[in-house]
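In UniProt numbering, the protein residues as written are 1 to 285. Built from N, CA and C at the ideal position, the CB exists for glycine as well. In this text the structure is predicted, and so the values were computed from the model without any measurement. Notes follow once the structure below has been shown.
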Amino acid sequence: MRTIIKLESKEKRSPASFAVHKALLCFFSPHHDKLLNGNFIEGKNLPDRPLVVNAGANVLKLFATWFYTGTIHLSAPGTAGHDYREWYTGMTKLYILGDALNCVALLRSVISAQPEAKSSNNLFMPPTSVIGWISGSSLESSQLYRYYTDFWTAHWDGEIEINGKWQIDVDGKDRLPENFAYRILMRRLEEEANRFDIRRCVCCGDPCRYHGHENETERKATCESSPDAFAGESEETMNSDDESDPESEWGTESDAELSAGLDEMERKNQGKDDAGLEVERIKAA
1 MRTIIKLESK EKRSPASFAV HKALLCFFSP HHDKLLNGNF IEGKNLPDRP
51 LVVNAGANVL KLFATWFYTG TIHLSAPGTA GHDYREWYTG MTKLYILGDA
101 LNCVALLRSV ISAQPEAKSS NNLFMPPTSV IGWISGSSLE SSQLYRYYTD
151 FWTAHWDGEI EINGKWQIDV DGKDRLPENF AYRILMRRLE EEANRFDIRR
201 CVCCGDPCRY HGHENETERK ATCESSPDAF AGESEETMNS DDESDPESEW
251 GTESDAELSA GLDEMERKNQ GKDDAGLEVE RIKAA
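Pasting the structure below:
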């Protein structure tokens, strides 16, 4: 019998609730693995209430759907009817959640989506607001922060987003996060001092540059081979108990049918059975 765990968003009023399989949740999220399979109360007695996740309803929705599809369901920047700021907002908040849960596969999915979003040569600058969120979350050593730094260094033309429009910062207000502005300045000074093109684009090519692979063997095992871990017919579908979509500062695409494919998953990846037997977890791509 498969165990279902409910995850609930952080809103105090009308939070969204999503049901996911415990084995899948623990496979991707070391945080929940320790919580539900360790010596905590939740591990000894499965909670009868939803587990509150420190994320808004729409971010949690992206997180839960990614479990079953391997895809982050956000329309790419520049798509008709979709603001590029919405895309960066959703991606950055999802990355912050993935970091908090130590979900390596999700972090890499967010990173891999960045160059893909620019495949149409639409170079939409990451807004300063999302960079501020990363700085405020103590993630300045993260791969996403490194990516944003490289992107701004290579593509920034000196304009700042003011009231939704990119323009020269005529009023002199500091709109870039302190540390981020310092890093960009040092890159530019390095360019001048050494007379080489520090602004060459290294960000829009190989996403593996920002995946944080442990070594070449691990990189080849995860990124050069991509078996479909979600193959197979679904028996159960993730569901939400929340009938209404809570208000948010950004939106997502409409719900799609989500396939579990757990039989295939259980054959390929070993997890922990209901008796609590320890088995090996392989790293997800």
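Secondary structure of residue 104, DSSP reduced to three states: The count along the sequence shown starts at 1 and reaches residue 104 at position 104. Three-state result, residue 104: helix.
Between residue 9 and residue 132, what straight-line distance do the alpha-carbon atoms span, to the nearest angstrom? As a position in the sequence shown, residue 9 is number 9, starting the count at 1. As a position in the sequence shown, residue 132 is number 132, starting the count at 1. Cα-Cα distance, rounded: 22 Å.
Can you give me the Cβ contacts of residue 143 inside the same chain, cut-off strictly under 8 Å, excluding the 5 residues immediately before and after it? Mapped onto the sequence shown, residue 143 falls at position 143. Correct list, in chain order: 107, 111, 210, 211 and 212.
State the beta-bridge partners of residue 130 as determined by DSSP. Taking the sequence shown and counting its residues from 1, one reaches residue 130 at position 130. In DSSP, residue 130 forms no bridge with anything.
Can the beta-carbon of residue 51 be found less than 8 Å from the beta-carbon of residue 101? For this step, residue 51 is matched to residue 51 along the sequence shown. For this step, residue 101 is matched to residue 101 along the sequence shown. Their beta carbons are not under 8 Å apart, which means residue 51 does not touch residue 101 by this criterion.
Rounding to the nearest angstrom, what Cα-Cα distance links residue 151 and residue 124 in this structure? Stepping through the sequence shown from its first residue, residue 151 is reached at position 151. Stepping through the sequence shown from its first residue, residue 124 is reached at position 124. Answer to the nearest angstrom: the Cα atoms are 10 Å apart.
One question on the structure: do residue 87 and residue 75 come within less than 8 Å of each other, judged by their Cβ atoms? For the purposes of this step, residue 87 is identified with residue 87 of the sequence shown, where counting begins at 1. For the purposes of this step, residue 75 is identified with residue 75 of the sequence shown, where counting begins at 1. Cβ atoms of residue 87 and residue 75: closer than 8 Å.
Within the same chain, show all residues whose beta-carbon is closer than 6 Å to that of residue 223, passing over the 5 residues directly before and after it, in chain order. Here residue 223 is taken as the residue at index 223 of the sequence shown, counted from 1. Excluding sequence neighbours, residue 223 sits near 208.
For the alpha helix (DSSP H) containing residue 7, name the first residue and the last one. Residue mapping note: residue 7 aligns to position 7 of the sequence shown, counting from 1. Run containing residue 7: none in the alpha helix (DSSP H); it sits in the beta strand (DSSP E), 4-8.
Taking the DSSP output, what are the residues bridged to residue 51? Here residue 51 is taken as the residue at index 51 of the sequence shown, counted from 1. Paired residues: 7.
For the beta strand (DSSP E) that contains residue 73, what are its first and last residues? Here residue 73 is taken as the residue at index 73 of the sequence shown, counted from 1. Careful: residue 73 lies outside any beta strand (DSSP E) and carries neither H nor E.
Check residue 159 in the structure and name its three-state DSSP category. Walking along the sequence shown from the start, residue 159 turns up at place 159. Residue 159: strand per DSSP, three-state reduction.
Below 8 Å on the Cβ atoms is my guess for residue 135 versus residue 180; work out the distance and round it to an integer in Å. Taking the first residue of the sequence shown as 1, we reach residue 135 at position 135. Taking the first residue of the sequence shown as 1, we reach residue 180 at position 180. Between residue 180 and residue 135 the Cβ distance is about 7 Å, and since that is below 8 Å, they are a contact.
With H, G and I counted as helix, E and B as strand and the rest as coil, what does DSSP make of residue 32? Your numbering for residue 32 matches position 32 in the sequence shown. Reduced to three states, the DSSP call for residue 32 is helix.
For residue 90, count neighbouring Cβ atoms within 10 angstroms of its own Cβ and tell me buried if that reaches 16, exposed if not. The residue you call residue 90 lines up with position 90 of the sequence shown. That one is buried.
Bridge partners of residue 63, per DSSP? For the purposes of this step, residue 63 is taken as residue 63 along the sequence shown, with counting starting at 1. Beta-bridge pairing links residue 63 to no other residue.
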